[in-house]
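Have a look at the structure below, then the notes.
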Amino acid sequence: MNPQAALSVSQVTCEYREELLGTDQFVPRFGWKLSSKERGIKQQAYQLVVSDLPDFSLYLWDTGRIESDQSIHIEYTGPALQSRTRYYYRVKVWEQQGNCSEWSSTGWWETAFLDSGEWQAKWIMPKQLPAVQQAQEWPDSPPVSLLRTTFQLKENIVSARVYATAAGLYDLHLNGERVGEELLAPGWTSYHHRHQYQTYDVTRYLQAGGNGIGIQAADGWYSGRISWEKGYRSAYGEHRAVLLELHVQYADGSEEVVVTDTTWKSSEGPIRYTSIYDGEIYDARLEQAGWSKYDYDDSGWEDVSRSDLPYHPLIAQENWPVKVTETIHPVSVLHTPRGETVLDMGQNMVGRIRMNMNLDAGTKITLDHAEVLDREGNFYTGNLRSAKQLVVYTARGNGEDNYAPAFTFMGFRYVRIVGLEELDDSVLLKGFTGEVMHSDMVQTGQFDCSDERVNRLQHNIVWGQRGNFVDIPTDCPQRDERLGWTGDAQVFIRTAAFNYQVAPFFAKWLRDLAADQREDGSVPFTIPNILKWNKDTSAAWGDAAVICPWTQYQCYGDIRLLSEQYDSMKAWVNYIRGEGEYEYLWNTGHHFGDWLALDAKENSYVGATPLDLIATSFYAYSVDLVRNAAVVLGRSEDVKEYSDLLYQVRRAYLNEFVTPAGRLAAPMQTAHVLALMFGLVEGDTRRRTASELNRMVVQNGYHLTTGFVGTPYLCIVLSENGYHETAVKLLLQDSYPSWLYSVTQGATTIWEHWDGIKPDGSFWSDDMNSYNHYAYGAIGDWMYRYLAGLDMEDSDIAYKKIRIHPRFAAGQLKHASAKLDSPYGRIESSWQEDKGLRTVRIQIPVNAEAKIILEGADHAHLLESGHPVEDVKGIIEITSTAEAVELRAGSGEYVFSYKYS
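Numbering (full-length UniProt numbering), first residue to last: 1 to 901.
Take a look at the structure:
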């Protein structure tokens, strides 16, 4: 064996990215994944080096050999970093036998401005043009602005960077080309506290001599219409503005800087109107060809003015940028009973339609976007409420019209086309393409099983996440809402972290949560908070302040984020403590309750589970998590304080909601779920509570009655308390109400309501009926962790100590499989049953180990790749119980097989 070939570094990252362009982190963190064909390999030591030279001819920082198995979140401790500088890094590792890897491939990161005081550019505003008078039903808004300037450059350009942002939305153009693939930049943050800017490598766009640069700017979330409140706009400011700085480096070491200032000019563009909710109006006849080129004649353009916007909120891009991640072609053209011409994309998607056709000048096309058709097969937009999701395009003629909206997104499966009715269906199918938009997260998880209905459910969960992770975790992507509802985010975050790499995504959003948290510690319903007129908070929604950072810590080992959010976590719990009439119960205030639960009163969105029971349950859960965070962070005084508080809250809960005989006083599924999930009942009372929950589900024909609060945990507590078979039957139920009901109705994303489309084809009320609303997709967490059995030990984080415990399906499924690209590498847990033989396939990444629980196995007859398990390399420990064989195994791939009855 070649010792060096036995171990290799397969991936290196800085702040979760292999290449990170534009960060303001003073102390970046590094991680790596390891590969080996050998089993049982662990890292013994590492050496990490950083240089500002790509050939590493001189080290800026060399750790030397560090005896440690840590391979995630290694903090940089070298000399102070410089702004606008690229750094290179690589690592080599030693395993426990002393064998050393080769140096890894080279990773790099590049700083932006490490101090907001470094900005030389000035915020500038285009001339504030009056809103264009559209049809009466369109809100007023000025056309999208074009801003430009020109500059001269010398020969021998080595590199060039643009740092840019907008109060609004923007895109960047250089010498006639759009720069980059980012959309909806700078993203949505709590702008007054935290305002992102982006970094672009523009070296290839520049030339010696004359150059032109331009920005296209729209209102977006900053000053455009946002929320369902009639006429509500300008949540952060009245006027759009832009800020840009270009730095050009020459071979001789000199530098040229171009900045936004009052020498720039502005004009209207062909986008006559654009809105997050309402869509876009585009007149291609008004295009100004070459407007970002050096030789464009801008003599008719207007002067710009300075804006007094501050610099201190400016931060470098944190989240994955929004991009087009996939293109979809329509599957058919429908002609509805009303005579409408409608494209069916075959998938409820979020993004935009691109048109590519040859049209006569002045041809006007209208594209309406909708999620579903009504029961007669006609185009339906009632559930959009006041949002239009409308694109109006006027062709310029004289060539190909290639267009997609620039500053909006729609949630849709169907597109109604007005203006091209005379064209053949085949021409329409070729002329339109769907472009899927979302934060460009890396997909990390996969789940599948022998039931194609469940596989479709998993597909719907993933598409629901993609559609609602458009820079923030929105509740829905189509109607006049699209807000960062805290309750939806916290119930789904664990499932989200299986499907995609969401660490930067939620880190950004949680920092906005802390920024928008009120002085009294209460948490707004939505983050970023634009519902400023509403001062309420709610249990299970505000608890996102605690649940989300703790889940991030569990899934990614991100102790820095946990530390950052700790004060916010405590503030939320302390708010609750001071809010109630009694310190240890939360029985006051506004609450959403078990939102949309089926045991609700007629015409009520709030379920029947008592509000104070739900509030006190989450109170206890958040106190528990804050106490756990205090342990991790070494806050000993807080550990004692919150341990004592947890004891008192649990005792108060028992006194208030559990009878002396040990029966839960509220006979609802959700009440029982929360008591079990949050450890509020123990011993005989716990057993009785679990039995009663099981009885309720079984007697209801294996149907649920839970809403947003109870549903995420329902199958988990059933499986954990001895009723896994009931949980599986619940999952596989396909009559209303159930997860698979929407699948039988043709859903391609998760619905907001269990009966968003009723069996007779009619709809739930237009008022609140999204067909892309990910909350109920939280069942994915149970599918990964319990059905397929891929989990981590409770005592550890980030999947360094893995728990593989497939919960088989009592003949209801023949196989199930889950894969996860964890911080340490690929984990796999899959099983299948065939003619009395059970086969379990497992993959454990290098530098991790797993506890494996094989239910129904007999040690004497358990084989791994055909060999008795006691003879197998990589198996560290074997323990037998009456129910299972438990193994401890090191890294590697394993195939276990055994007979079962």
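C-beta: ideal position from N, C-alpha, C; glycine also.
Only a predicted model underlies this, so the values are computations on that prediction, with no experimental measurement involved.
Measuring only the C-alpha atoms, how far is S719 from E725? Here residue 719 refers to the residue found at position 719 when the sequence shown is read from its first residue. Here residue 725 refers to the residue found at position 725 when the sequence shown is read from its first residue. If you draw a straight line from the Cα of S719 to the Cα of E725, it comes to about 8 Å.
Simplified DSSP state of G487, which is helix, strand or coil: Indexing the sequence shown from 1 puts residue 487 at position 487. When secondary structure is reduced to three states using DSSP, G487 falls in the helix class.
What is the rounded straight-line gap between the Cα of A160 and the Cα of A166? Your numbering for residue 160 matches position 160 in the sequence shown. Your numbering for residue 166 matches position 166 in the sequence shown. One C-alpha to the other measures close to 20 Å.
Are at least three pairs of beta-carbons, each pair with one atom in the stretch 26 to 42 and one in the stretch 780 to 798, less than 8 Å apart? Because the criterion of three Cβ pairs below 8 Å is not met, the stretch 26 to 42 and the stretch 780 to 798 do not touch.
Where W463 and R803 are concerned, what is the direct C-alpha to C-alpha distance, given to the nearest angstrom? Working through the sequence shown from its first residue, we reach residue 463 at position 463. Working through the sequence shown from its first residue, we reach residue 803 at position 803. Cα-Cα distance, rounded: 27 Å.
Which residue comes first and which comes last in the alpha helix (DSSP H) that contains H672? Counted from its first residue, the sequence shown places residue 672 at position 672. Following the DSSP letters along the chain, one finds H672 inside the alpha helix (DSSP H) bounded by residues 669 to 677.
Taking DSSP as the reference, what is the three-state secondary structure of L598? For this step, residue 598 is matched to residue 598 along the sequence shown. L598 carries a coil assignment under DSSP once its states are collapsed to helix, strand and coil.
Determine the direct distance from the alpha carbon of I66 to that of F151, and round the result to whole angstroms. The sequence position of residue 151 within the sequence shown is 151, counting from 1. The sequence position of residue 66 within the sequence shown is 66, counting from 1. So the two alpha carbons sit approximately 50 Å from each other.
Taking the straight line between their C-alpha atoms, what separation do you get for R838 and N460? As a position in the sequence shown, residue 838 is number 838, starting the count at 1. As a position in the sequence shown, residue 460 is number 460, starting the count at 1. If you take the alpha carbons of R838 and N460, they lie about 29 Å apart.
Quick check: what's the CA-CA separation for I281 versus S738? The count along the sequence shown starts at 1 and reaches residue 281 at position 281. The count along the sequence shown starts at 1 and reaches residue 738 at position 738. Going from the Cα of I281 to the Cα of S738 covers about 41 Å.
Under a Cβ-count criterion, where at least 16 other Cβ atoms within 10 Å of its own Cβ denotes burial, should V27 be classed as buried or exposed? Counted from its first residue, the sequence shown places residue 27 at position 27. Exposed.
Could you give the distance in angstroms between the alpha-carbon of D781 and the alpha-carbon of T495? The count along the sequence shown starts at 1 and reaches residue 781 at position 781. The count along the sequence shown starts at 1 and reaches residue 495 at position 495. Pairing D781 with T495, the inter-Cα distance amounts to about 5 Å.
Using the Cβ count rule (16 or more neighbours within 10 Å means buried), how would you classify V491? The residue you call residue 491 lines up with position 491 of the sequence shown. Classification for V491: buried.
Suppose you measure from the CA of P806 to the CA of G220; what does that come to, to the nearest Å? On the sequence shown, residue 806 is found 806 positions in, with the first residue counted as 1. On the sequence shown, residue 220 is found 220 positions in, with the first residue counted as 1. Between P806 and G220, the C-alpha separation is close to 46 Å.
Are the beta-carbon atoms belonging to E376 and A404 less than 8 Å from one another? Here residue 376 refers to the residue found at position 376 of the sequence shown. Here residue 404 refers to the residue found at position 404 of the sequence shown. No. Outside cutoff.
Give the C-beta separation of G589 and A544 to the nearest angstrom, bearing in mind that I take them to be a contact with Cβ-Cβ under 8 Å. As a working note, residue 589 is residue 589 in the sequence shown. As a working note, residue 544 is residue 544 in the sequence shown. Their Cβ separation, rounded to whole angstroms, is 16 Å, which puts G589 and A544 out of contact at 8 Å.
Just verifying my parser: in three-state terms, what is the DSSP assignment at Y621? Residue 621 sits at position 621 when you count from the first residue of the sequence shown. Secondary structure of Y621 (DSSP, three-state): helix.
Taking the beta strand (DSSP E) that Y163 belongs to, which residues open and close that run? In the sequence shown, residue 163 corresponds to position 163, counting from 1. For Y163, the enclosing beta strand (DSSP E) covers residues 157 to 167.
Considering only C-alpha positions, which residue in the set G634, T711, I827, L7 is nearest to I779? As a working mapping, residue 779 is identified with position 779 in the sequence shown. It is T711.
Rounding to the nearest angstrom, what Cα-Cα distance links Y702 and N847 in this structure? Translated into positions along the sequence shown, residue 702 becomes position 702. Translated into positions along the sequence shown, residue 847 becomes position 847. Rounded to whole angstroms, the separation of the alpha carbons of N847 and Y702 is 42 Å.
4-residue-minimum alpha helix (DSSP H) runs that sit fully inside the stretch 558 to 619, ordered along the chain: Counting only runs of 4 or more, we get 559 to 579.
Cα separation between N2 and K873? Mapped onto the sequence shown, residue 2 falls at position 2. Mapped onto the sequence shown, residue 873 falls at position 873. Residue placement at N2 is flagged as unreliable, the pLDDT there being 46, under the threshold of 50; the coordinate-derived value follows with that caveat. Distance from the CA atom of N2 to the CA atom of K873, rounded to whole angstroms, is 19 Å.
Is there at least one non-hydrogen atom of the ligand SAH closer than 7 Å to the beta-carbon of A778? Looking for the ligand SAH in the displayed structure turns up nothing, as the structure carries no ligands at all.
Sequence ranges, beta strand (DSSP E) only - wholly within the stretch 378 to 461, length at least 3: Qualifying beta strand (DSSP E) stretches, in chain order: 390 to 394, 400 to 403, 410 to 418, 432 to 439, 445 to 449.
Who are A241's beta bridge partners in DSSP? Looking up residue 241 in the sequence shown gives position 241. According to DSSP, A241 bridges with A167.
Determine which residues share a DSSP beta bridge with N211 and list them. One-based indexing of the sequence shown puts residue 211 at position 211. Paired residue(s): F151.
Do S622 and W572 come within 8 Å of each other at the CB atom, strictly closer than that value? Translated into positions along the sequence shown, residue 572 becomes position 572. Translated into positions along the sequence shown, residue 622 becomes position 622. By the CB criterion at 8 Å, W572 and S622 fall inside the cutoff.
Since I believe E752 is in contact with S770 (beta carbons under 8 Å), could you give me their beta-carbon distance rounded to a whole number of angstroms? On the sequence shown, position 770 is the one that residue 770 refers to. On the sequence shown, position 752 is the one that residue 752 refers to. The beta-carbon separation of S770 and E752, rounded to 4 Å, stays under the 8 Å limit for a contact.
If you draw a straight line from the alpha carbon of G351 to that of L596, how long is it in whole angstroms? Taking the first residue of the sequence shown as 1, we reach residue 351 at position 351. Taking the first residue of the sequence shown as 1, we reach residue 596 at position 596. Going by the C-alpha atoms only, they are around 27 Å apart.
So the candidates are Q478, T336, H438, Q458; which of them puts its Cα closest to the Cα of V418? Locating residue 418 in the sequence shown gives position 418, counting from the first residue. The shortest Cα separation from V418 among Q478, T336, H438, Q458 belongs to T336.
Say whether the stretch 271 to 288 touches the stretch 83 to 103, bearing in mind that this needs 3 or more beta-carbon pairs closer than 8 Å, one atom from each stretch. Segment contact: the stretch 271 to 288 against the stretch 83 to 103, fewer than three CB-CB distances shorter than 8 Å; contact not assigned.
State buried or exposed for L158, treating a residue as buried only when at least 16 other CB atoms are found within 10 Å of its CB. The residue given as residue 158 occupies position 158 in the sequence shown. Per the sequence shown, residue 158 should be read as Val rather than Leu. It is exposed - the Cβ of V158 has fewer than 16 other Cβ atoms within 10 Å.
Using 8 Å as the threshold, is the C-beta distance between Q347 and R453 below it? Locating residue 347 in the sequence shown gives position 347, where the first residue counts as 1. Locating residue 453 in the sequence shown gives position 453, where the first residue counts as 1. Taking 8 Å as the Cβ cut-off, Q347 and R453 do not qualify as a contacting pair.
Is the beta carbon of E110 closer than 8 Å to that of L172? Within the sequence shown, numbered from 1, the residue matching residue 172 stands at position 172. Within the sequence shown, numbered from 1, the residue matching residue 110 stands at position 110. Their beta carbons are not under 8 Å apart, which means L172 does not touch E110 by this criterion.
Classification of A5 by the beta-carbon crowding that lies within 10 angstroms, buried from 16 upward: As a working note, residue 5 is residue 5 in the sequence shown. Summary for A5: the model assigns pLDDT 47, below 50, so the residue's position carries little reliability, and this model does not support an answer.
Label Y900 either buried or exposed according to how many other C-beta atoms from any shown protein chain fall within 10 Å of its C-beta, with 16 as the threshold for buried. Residue mapping note: residue 900 aligns to position 900 of the sequence shown, counting from 1. Classification of Y900: exposed, given that the 10 Å Cβ count is below 16.
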